[in-house]
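Let me begin by presenting the structure, written as structure tokens, before commenting on it.
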Amino acid sequence: MGFGESLRKAMERLRNSASLDKASVKEAVKELQRALISADVELALVLKLSKDIEEDAFKDLPPGISRREHVIKATHDRLAQMLGGRSAPPEKPRRILLIGLNGNGKTTTCGKLAKWYSKRGMKVGLLAADVFRPAAVEQLRTLAEKTGSEFYGDEKEKDAGKAVRKGLAALVACDLVICDSAGRSALDTELSKELKTIDREFGATEKWLVIGADVGQVAKKQAQAFHALVGMNGVVLTRMDGSAKGGGALAACAATGAKVYFLGTGEKAEDLQEFDAVRYLSRIMGYGDLQALLEKAQEIQEEEWLDAEDVLGENFSLQTFYQQMKAARKMGPLGKVLDMMGIGAQMPKEFAEMGEQKLDKFGHIIDSMTAKERSDPETLNKSRIARIARGSGTTQEQVRELLKSFKKMRKVFSKFSAMDAEKLGKGDGVDMKKLQKMFAKKKKFRIR
Numbered sequence: 001m002g003f004g005e006s007l008r009k010a011m012e013r014l015r016n017s018a019s020l021d022k023a024s025v026k027e028a029v030k031e032l033q034r035a036l037i038s039a040d041v042e043l044a045l046v047l048k049l050s051k052d053i054e055e056d057a058f059k060d061l062p063p064g065i066s067r068r069e070h071v072i073k074a075t076h077d078r079l080a081q082m083l084g085g086r087s088a089p090p091e092k093p094r095r096i097l098l099i100g101l102n103g104n105g106k107t108t109t110c111g112k113l114a115k116w117y118s119k120r121g122m123k124v125g126l127l128a129a130d131v132f133r134p135a136a137v138e139q140l141r142t143l144a145e146k147t148g149s150e151f152y153g154d155e156k157e158k159d160a161g162k163a164v165r166k167g168l169a170a171l172v173a174c175d176l177v178i179c180d181s182a183g184r185s186a187l188d189t190e191l192s193k194e195l196k197t198i199d200r201e202f203g204a205t206e207k208w209l210v211i212g213a214d215v216g217q218v219a220k221k222q223a224q225a226f227h228a229l230v231g232m233n234g235v236v237l238t239r240m241d242g243s244a245k246g247g248g249a250l251a252a253c254a255a256t257g258a259k260v261y262f263l264g265t266g267e268k269a270e271d272l273q274e275f276d277a278v279r280y281l282s283r284i285m286g287y288g289d290l291q292a293l294l295e296k297a298q299e300i301q302e303e304e305w306l307d308a309e310d311v312l313g314e315n316f317s318l319q320t321f322y323q324q325m326k327a328a329r330k331m332g333p334l335g336k337v338l339d340m341m342g343i344g345a346q347m348p349k350e351f352a353e354m355g356e357q358k359l360d361k362f363g364h365i366i367d368s369m370t371a372k373e374r375s376d377p378e379t380l381n382k383s384r385i386a387r388i389a390r391g392s393g394t395t396q397e398q399v400r401e402l403l404k405s406f407k408k409m410r411k412v413f414s415k416f417s418a419m420d421a422e423k424l425g426k427g428d429g430v431d432m433k434k435l436q437k438m439f440a441k442k443k444k445f446r447i448r
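So that you can map any letter, position 114 of the sequence shown is 114 in the UniProt record's numbering, and since no number is skipped, the others follow by simple counting.
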């Protein structure tokens with residue numbers, strides 16, 4: 001069971017308990033403790049959170065809400081506080097120095113930040129100061145080309161201080177310079193000396209630790225060590241897409257007072273999200289992240305369109321099923337998009353893992369159907385399925401797989417359009433009925 005699913009189970013225990021007395025709150029808190037410990041949250045933090053929730057639960061009620069609503073909100077608020085709340089990244093930093101151990105994604109994060117700040121109107125330069133790893137300069141050069149950033153790096157330069165001085169001179173016209181520093185498997189004497197040299201020469205306004213979510217509560221020790229060395233003042237947490245210890249790493253960073261600005265959720269340049277504990281909790285617990293979904297949609301531009309009535313209404317056909325699957329893929333990995341919509345936990349696993357190759361096959365199958373068959377798949381009998389398979393160069397089993405996937409998604413969307421706000425959950429205004437209304441109001445938004 002994942003971290004989000006475990007948290008959701010604990011919250012459902014509160015929501016569904018027949019009577020909300022001290023015993024039922026204690027049971028829900030135990031469920032919450034198990035979820036947090038499995039996510040590698042430090043025991044002391046878990047015990048403090050438990051005590052705070054039990055104390056909050058039976059304080060005087062604010063006007064206009066029930067005891068159950070009060071306890072659920074207090075629990076959600078305490079969780080968000082433990083994970084660090086929200087710290088908006090600086091809008092126009094001059095120099096960002098990325099630091100951290102090997103293998104945590106510093107160089108990749110340079111490219112992601114370059115894209116993020118470029119989209120906000122800044123001219124960005126990437127500076128390669130990792131003189132320890134030979135491939136780092138070439139990797140950063142490639143990322144600069146992909147993100148349209150300026151670049152400085154010299155594979156022959158083995159003095160990190162000189163590399164920084166030359167880089168700053170070459171990138172003087174940039175609004176923002178992001179410096180990629182060297183890493184090691186541990187913060188040893190050699191790395192410490194090199195980082196102090198880079199820090200002195202670069203003069204960063206922002207010094208951000210890049211750390212993998214899979215280290216869990218060890219993030220606390222790393223954050224403290226790098227802060228003592230160069231005065232680290234921000235964190236980018238990577239590998240959040242595949243780690244069960246993300247909650248532990250977030251809580252550990254928050255415990256040091258470090259501000260987590262971004263989450264890395266994949267390898268692509270766009271797989272970078274501003275961190276907001278409330279939105280993070282809503283997403284992993286299956287309640288959706290409307291704001292993140294809208295941001296994704298607004299970034300994408302082209303001629304194809306999504307239509308709310310076709311997705312959420314009675315017009316959902318095989319053709320719209322295929323179009324929406326392709327559309328969602330353009331907004332990122334399908335599993336992430338479904339999570340942002342708040343329906344990832346309800347979708348069959350095959351949807352989240354659906355790749356372009358399978359989508360292409362589905363497209364060929366649908367193209368081999370008549371207009372009536374696309375709009376009314378119930379007409380597809382054995383002989384029609386055989387004909388479609390021959391015409392699309394696929395097998396009858398693949399045609400049946402498409403029909404099965406379509407029926408599953410139609411069933412989920414029909415439930416989705418009828419769900420009430422209580423079942424979907426509420427988190428800082430994230431409500432899937434609002435998403436549906438937004439779609440219906442805008443009718444269409446562009447996708448790539």
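Even glycine gets a Cβ: it sits at the ideal position worked out from N, Cα and C. Nothing here was measured: the structure is a model prediction, and the numbers come from that model.
In this chain, the alpha helix (DSSP H) harbouring aspartate 52 covers 43-57. Arginine 95: member of the beta strand (DSSP E) spanning 95-99, first to last residue. Per DSSP, the unbroken alpha helix (DSSP H) holding isoleucine 284 starts and ends at 277-284. Rounded to whole angstroms, isoleucine 385 and valine 399 show a C-alpha spacing of 7 Å.
The three-state secondary structure of alanine 244, taken from DSSP, is coil.
Counted as a single uninterrupted DSSP element, the stretch harbouring glutamine 224 is not any beta strand (DSSP E) but the alpha helix (DSSP H) occupying residues 219-230.
The region 75-88 and the region 264-278 touch, with no fewer than 3 CB-CB distances between them shorter than 8 Å. Residue nearest to alanine 173 within the set Ser282, Lys73, Tyr280, Met122 is Met122 (criterion: CA-CA distance). According to DSSP, residue pairing for alanine 128 in a beta bridge involves Asp180. Checking the DSSP bridge columns, you'll see glycine 266 has no partner listed. In this structure, alanine 160 lies near glutamate 194, with their beta-carbon atoms less than 7 Å apart.
Taking 7 Å as the cut-off, the beta carbon of leucine 171 is found closer than this to the beta carbon of tyrosine 152. The DSSP-derived three-state label of glycine 111 is helix. Membership of lysine 207 in the beta strand (DSSP E) is indicated by the continuous run 206-212. Of the other Cβ atoms in all chains shown, 16 or more fall within 10 Å of the Cβ of asparagine 104; this residue is therefore buried.
In this structure, Leu79 is the residue among Thr108, Leu79, Asp360 with its C-alpha nearest to the C-alpha of glutamate 54.
Beta-bridge analysis with DSSP links phenylalanine 151 to Leu126.
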